[in-house]
Amino acid sequence: RSVDVPRGVDAAAVIEALMAVAEAAGEAELAVGASRCCVARLRACPASVSSERAAPIACGVYAITGGLGGLGLRAAALMVERGARRVLLASRSGRVVRGGQGLDARLRALGARAVVIGCDASDGSDVRAFFCGQESLNGVLHAAGVLRDGMVWSMGSSAVECVFEPKALGALRLRMASARCALEALVLFSSIAAAFGNVGQANYAAANAALDAAALGMRVVGSVGSSLQIPAVSGAGMGASTFDSEQLDAMGAISLDAFAACLWSALSASRSAAERVLTPLTCALTEMVGDSQPRFGELAALAK
Numbered sequence: 001r002s003v004d005v006p007r008g009v010d011a012a013a014v015i016e017a018l019m020a021v022a023e024a025a026g027e028a029e030l031a032v033g034a035s036r037c038c039v040a041r042l043r044a045c046p047a048s049v050s051s052e053r054a055a056p057i058a059c060g061v062y063a064i065t066g067g068l069g070g071l072g073l074r075a076a077a078l079m080v081e082r083g084a085r086r087v088l089l090a091s092r093s094g095r096v097v098r099g100g101q102g103l104d105a106r107l108r109a110l111g112a113r114a115v116v117i118g119c120d121a122s123d124g125s126d127v128r129a130f131f132c133g134q135e136s137l138n139g140v141l142h143a144a145g146v147l148r149d150g151m152v153w154s155m156g157s158s159a160v161e162c163v164f165e166p167k168a169l170g171a172l173r174l175r176m177a178s179a180r181c182a183l184e185a186l187v188l189f190s191s192i193a194a195a196f197g198n199v200g201q202a203n204y205a206a207a208n209a210a211l212d213a214a215a216l217g218m219r220v221v222g223s224v225g226s227s228l229q230i231p232a233v234s235g236a237g238m239g240a241s242t243f244d245s246e247q248l249d250a251m252g253a254i255s256l257d258a259f260a261a262c263l264w265s266a267l268s269a270s271r272s273a274a275e276r277v278l279t280p281l282t283c284a285l286t287e288m289v290g291d292s293q294p295r296f297g298e299l300a301a302l303a304k
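The opening position of the sequence shown corresponds to residue 1 in the UniProt record's numbering, with each subsequent residue numbered one higher.
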């Protein structure tokens, strides 16, 4: 459990905090103030927290890391459909690596407006060379990522590093390299695992939580940045290559079109809004037990 108490508290306040912990069964986080005790809750919110909407981003040049993956290519198609002049598909291998998802055909359909560039997002020199060699960028979508699943008690440091490098380290490299660019958007492709966790994916959940924290940090200093927490997507991405259609349905996977709609919402949201994490609610929420996991209770009730 995590308990936050105000600075400069005396022993009596600490005892009060510990008593609050004892009384709040099932609560993982508590913040004890001078007159009240707060607990953590996830709640549904409108897609935009502000009535002020910025003009949708489209025209210009966009870079997409993990650009030859299923979600990267769908994002590229969305940008082209909405008028992007060019999309730069950054990929560590420089080639489509997942068969059976029709990715080669999707790449060909993008035509001359898509350019494939070999770039490892976790390699600082690669990322710097990528930014130095391109015309002015309007936005960056960070979709790079890998899986190295395993139970936490048997997970070695290499499995953690393998997952963190393209995700969290890649986001840091991109932010540093783009510091002098007047980006209109920097969207980090996070995962619903960061919010809800997932058995066997402690490293993946933590890496995506780092993306969410990075997006918040960007907003705090006045930079653009948002993270999009994505569930499994049918027909594309790592989930589609790991699970069959029945398993994906049971997990509450969303369609590629639903993914594209969420991405466009993030891109066209108010720039003045606070850091936003979009989490598409899925039928997976019905598996949450409100009494045993109070943090998720309100969302679980909505799904029933």
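Beta carbons are placed, not taken as given, at the ideal position from N, Cα and C, and that holds for glycine.
Nearest candidate by alpha-carbon position, reference residue i, set the options
| i | options | result |
| --- | --- | --- |
| Arg-295 | Ala-90, Asp-10 and Ala-28 | Ala-28 |
| Ala-240 | Leu-147, Leu-137 and Ala-171 | Leu-147 |
| Gly-252 | Phe-131, Asp-212, Gly-156 and Ala-232 | Ala-232 |
| Ser-234 | Val-224, Leu-228 and Ser-245 | Ser-245 |
| Gly-139 | Ile-64, Val-127 and Ser-122 | Ile-64 |
| Ala-144 | Ala-44, Leu-110, Arg-36 and Gly-94 | Gly-94 |
| Leu-228 | Val-115, Leu-18 and Ser-191 | Ser-191 |
| Ser-178 | Gln-293, Phe-131 and Val-116 | Phe-131 |
| Arg-128 | Val-152, Glu-165, Met-176 and Ser-154 | Met-176 |
| Ser-265 | Val-163, Gly-66, Met-79 and Gly-26 | Met-79 |
| Arg-180 | Ala-213, Cys-162 and Val-224 | Val-224 |
Length of the line joining the Cα atoms of residue i and residue j
| i | j | result |
| --- | --- | --- |
| Arg-74 | Leu-30 | 40 Å |
| Met-218 | Ala-205 | 20 Å |
| Val-199 | Phe-243 | 15 Å |
| Ser-91 | Leu-68 | 6 Å |
| Gly-150 | Leu-71 | 24 Å |
| Val-32 | Ala-168 | 31 Å |
| Ala-258 | Glu-81 | 15 Å |
| Cys-262 | Ile-230 | 9 Å |
| Ala-44 | Gly-297 | 11 Å |
| residue 349 | Gly-237 | Since the displayed the chain opens at 1 and closes at 304, residue 349 lies outside it and no answer follows. |
| Ala-77 | Ser-226 | 20 Å |
| Ala-11 | Leu-18 | 11 Å |
| Gly-111 | Val-87 | 10 Å |
| Gly-83 | Ala-195 | 33 Å |
| Gly-197 | Gly-66 | 23 Å |
| Asp-123 | Phe-189 | 18 Å |
| Leu-137 | Val-39 | 41 Å |
| residue 337 | Val-61 | The first residue shown for the chain is 1 and the last is 304, placing residue 337 beyond what the model contains. |
| Pro-166 | Met-155 | 18 Å |
N- and C-terminal bounds of the alpha helix (DSSP H) containing residue i
| i | result |
| --- | --- |
| Gln-201 | It is not in any alpha helix (DSSP H) - Gln-201 carries neither H nor E in the DSSP assignment. |
| Glu-29 | Looking at the DSSP string, Glu-29 is not in any alpha helix (DSSP H); the run it does join, the beta strand (DSSP E), is 29-32. |
| Val-163 | 157-164 |
| Ala-258 | 256-268 |
| Ser-245 | 245-250 |
Beta-carbon separation (whole angstroms), residue i vs residue j, contact threshold 8 Å
| i | j | result |
| --- | --- | --- |
| Cys-59 | Arg-41 | Not confirmed; about 40 Å, so no contact. |
| Val-115 | Leu-89 | 7 Å |
| Ala-207 | Val-152 | With 8 Å as the limit, Ala-207 and Val-152 do not qualify as a contact, their Cβ atoms being about 14 Å apart. |
Opening and closing residue of the beta strand (DSSP E) in which residue i lies
| i | result |
| --- | --- |
| Val-39 | 37-39 |
| Arg-86 | 86-91 |
| Gln-134 | Gln-134 -> no beta strand (DSSP E), and no H or E assigned at all. |
| Gly-150 | That residue, Gly-150, is in no beta strand (DSSP E); it is neither H nor E in DSSP. |
Quick one: any contact between the segment 102-119 and the segment 178-186, if contact means 3 or more CB pairs under 8 Å? no
The segment 166-174 / the segment 250-266 touching (three or more Cβ pairs under 8 Å): no
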